[in-house]
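Residue numbers (our numbering), protein chains in the order written: chain A, 313 to 687; chain B, 3 to 533.
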């Protein structure tokens, strides 16, 4: 028994060693991050020296000035010189720290003259990327967690990039200054890429900015860092930094793809076509709240299976999905999908919900129905 | 020694001392500062257990990556309620309990200035605590928004959010009344000759804390009221679509929230400033400079709030101002730490449990202070904001700071309160278990945070697994160790050995020098003359 326990402890200790690399800031991939990490190291050295100094005194006192070794208590107190010194010296140290830090603060805030401007929109619970200015202008996509639910819920082994993988990565060219504008559609989110030293809250109704200039190619991963509701832990951020020519190629492909795969919303689809497409849309946008079973997590996230809205007149359901649910003037967790999904996707997902689980309306909602209800 | 001994205290039943009520009615109707102090302390211990269980739910879920025990929604409810209950239900009432017990005895007053209001301030608390607990059983459960209750996420919550808002209102009322009482008592009821600059430092820290509370609790009440009207009455304080601003909420909250940190820390400083000189058998090194440093910290605490918000996107001048102001706090805080160490220097030290906890406080609180300095620097904070580094930092300040000081205080004054000694051996075991498991739990969280683990997530990428496993093991050890504390206290009350008149050689405030042990039900009536 004891042996087993010791082996267990040893195991934990060894696995600590194996993971020992993950105890410090991630290696910098931009000059700004490198500057920040240098500052951090400098401050840590200073702090450790001070800490050891102060507690050297304390532990020496604990060791040498004990009653049990017969140390008599001196009764001294107050010494103006000492007290002035230990007020002034920390003050001087602080000024010395403040100088290099201030330089980094100012450069971190300087978002002027970017080569590329990308708007990042936080949404419950995914990120939208719109390339606003520079090469790739007009590219727009939504980036969602691609880790399967089975891995999260323990039915499948977890992959290498568990929780840090997305369907559409943000792609930027190496060595270019990228200005990131952040905003949000619902609640406050926060966009962070540690290797670039860029973190900026995404505030609904406001635009804020940050910048980075990646100096190494590679794929970098991070997560939303402001509590934004139920799926806060499941909205990763992935940035792929590529050489300039690869970036141009990516822009070309993205644009061609957008032109080719534009859904034909004037076509009439069959029930089966829409259901197959709708299941995919549902898995990417709806499943976190309404669940794969369609049972939701009532009362915060109502069920769709047997729902009055889903089984009721199609117009009301289309409006709900298009515009979201607004209670007393404030948006709720039911987001407005009108701007995130196109008419075919909306028609597909609505048809899917009306003809899945116990719902058997047999109705087909066509893209034209959606178009008609858009304001 | 001009002891004013209550001759009724021994040999008689206690009934004739509390208006004829016995049993539960004694506690409901009591206006005695000692009874009320006792109730505050027990209430805070119960809340500490409730909040602790929530922490263990969090740590159990985080033991392994993946979702195993709770769903993300409930996880968020746990983090929210753990924070609210620990801050407002456990730590703050604990120090109000100490204030009730000790301030009248330390300044030579017969009771608190407003004895009936004192009863009311306490009895609001159980109702507020109940509201927080009941919110779990409402549709949608308790709010899952974090203890900071950031808008506009709060608008999406169910009726549990409203109960939480009312609970915060009640807790605020209780705190405001309690602190008015403390300030009034200290300013008006000091015994003749007990000048302000002769008061024990614990009274000083509470006098300053009292002012902080009166200043900022209404601000918090305002913030949650605005949340309430945004939720139900169509106002748009925090809704951009209606002309409001979500960041406004954060400014208001942290204008309360930063002084709140010192509301929790200052009384802890006070307790430690009583304990360290007593066990060093030496006066506090710089009494006056301690008073000035405490005041300086309190004043500075009003101009640093936005260092909690470096990432919201404020102008560069704003970032610089709040950074400089924040680093400035290191100066008076340093003065305090240097003073405590200088008090120990060349003393005649013994290490009974209160002193162990005070040394633990000094060591770990300073560590938390240093990580605070690291976080005060804007560029570094931008890397660490909302990561586990911050979680580690404030647990060093709140747990190793405030909670360790509270333990030091309980062990220090238990003999005075009960007339019995606690089991010294078990007390020391409690200290070492607490000390070790605390560090196992929280030290590794610095690493997880540096490596990039966000806070308030129910599931995490695989690279953070090691630290989370260690932290979870530590958390369970820490939680279980506190059952030992309960046992030590109960054992002391029920069957502790009789305490000597003056159990601590170096203790020199009025409750030790002018009052018998155990302390009688009514003390200092009439007041002692200390001129």
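Backbone N, C-alpha and C fix where the C-beta goes; we use that ideal spot for every residue, glycine too.
Check, Outcome
"Interface flag, residue 326 of chain B vs chain A, CB-CB below 8 Å", "yes"
"Beta-bridge pairing of residue 431 of chain A - partner residues as DSSP gives them", "A:442 and A:493"
"Beta-carbon separation (whole angstroms), residue 33 of chain B vs residue 23 of chain B, contact threshold 8 Å", "Actually they are not in contact, since the Cβ atoms of residue 33 of chain B and residue 23 of chain B sit about 11 Å apart, beyond 8 Å."
"Amino acids of chain A, ordered along the chain, whose beta-carbon sits closer than 7 Å to that of residue 428 of chain B", "Within 7 Å Cβ-Cβ: nothing; residue 428 of chain B doesn't reach chain A, min ~21 Å."
"Beta-carbon separation (whole angstroms), residue 415 of chain B vs residue 44 of chain B, contact threshold 8 Å", "So it is not a contact: roughly 15 Å between Cβ atoms."
"Unbroken alpha helix (DSSP H) run spanning residue 229 of chain B, endpoints", "203-234"
"DSSP three-state assignment for residue 603 of chain A, whether helix, strand or coil", "coil"
"Bounding residues of the alpha helix (DSSP H) (the contiguous stretch that carries residue 566 of chain A)", "556-572"
"Beta-carbon gap between residue 534 of chain A and residue 549 of chain A smaller than 8 Å", "yes"
"Below-8 Å beta-carbon distance, residue 29 of chain B vs any chain A residue", "no"
"Residue 525 of chain A - containing beta strand (DSSP E), residue span", "520-525"
"Cβ of residue 540 of chain A within 8 Å of any chain B Cβ", "yes"
"Chain B contact for residue 353 of chain A (CB, 8 Å cutoff)", "no"
"Residue nearest to residue 486 of chain A in terms of C-alpha spacing, selected from A:553, A:381, A:663 and A:654", "A:553"
"7 Å Cβ shell around residue 621 of chain A - same chain, five flanking residues per side excluded", "628, 629 and 632"
"Euclidean distance between Cα positions of residue 360 of chain A and residue 508 of chain A", "26 Å"
"Residue 583 of chain A and residue 667 of chain A closer than 8 Å at C-beta", "yes"
"Entirely enclosed alpha helix (DSSP H) segments - the region 161-194 of chain B, minimum 4 residues", "161-190"
"Where residue 35 of chain B meets chain A, residues with beta-carbon distance less than 7 Å", "None at all; the shortest Cβ gap to chain A is about 31 Å."
"Secondary structure of residue 389 of chain B, DSSP reduced to three states", "strand"
"Beta-carbon neighbours of residue 332 of chain B, restricted to chain A and to distances below 7 Å", "402 and 406"
"As assigned by DSSP and simplified to three states, the class of residue 432 of chain B", "helix"
"Span separating the alpha-carbon of residue 333 of chain A from that of residue 449 of chain B", "Only weak support exists for where residue 333 of chain A lies, its pLDDT of 49 falling under 50; the coordinates are left without a value."
"Alpha-carbon spacing of residue 623 of chain A relative to residue 673 of chain A, whole angstroms", "7 Å"
"Spatially closest choice to residue 544 of chain A from A:576, A:456 and A:379, by CA coordinates", "A:456"
"Opening and closing residue of the alpha helix (DSSP H) in which residue 516 of chain B lies", "Premise fails: residue 516 of chain B is in no alpha helix (DSSP H) and is neither H nor E."
"Under the three-state DSSP convention, the category residue 530 of chain B falls into", "coil"
"Short Cβ contact (8 Å threshold) for residue 440 of chain A with residue 427 of chain A", "no"
"C-beta neighbour in chain B for residue 651 of chain A, strict 8 Å", "no"
"Limits of the alpha helix (DSSP H) - the one that residue 264 of chain B falls within", "248-282"
"Segment limits, beta strand (DSSP E) that includes residue 482 of chain A", "482-485"
"Chain A contact residues for residue 78 of chain B, given Cβ-Cβ distances below 9 Å", "539, 541, 542 and 544"
"Inter-residue spacing [alpha-carbon to alpha-carbon] between residue 137 of chain B and residue 78 of chain B", "13 Å"
"Buried or exposed (CB count within 10 angstroms, at least 16 for buried), residue 556 of chain A", "exposed"
"Residue range of the beta strand (DSSP E) that includes residue 531 of chain A", "530-535"
"Given 8 Å, three or more beta-carbon pairs between the region 207-224 of chain B and the region 134-149 of chain B", "no"
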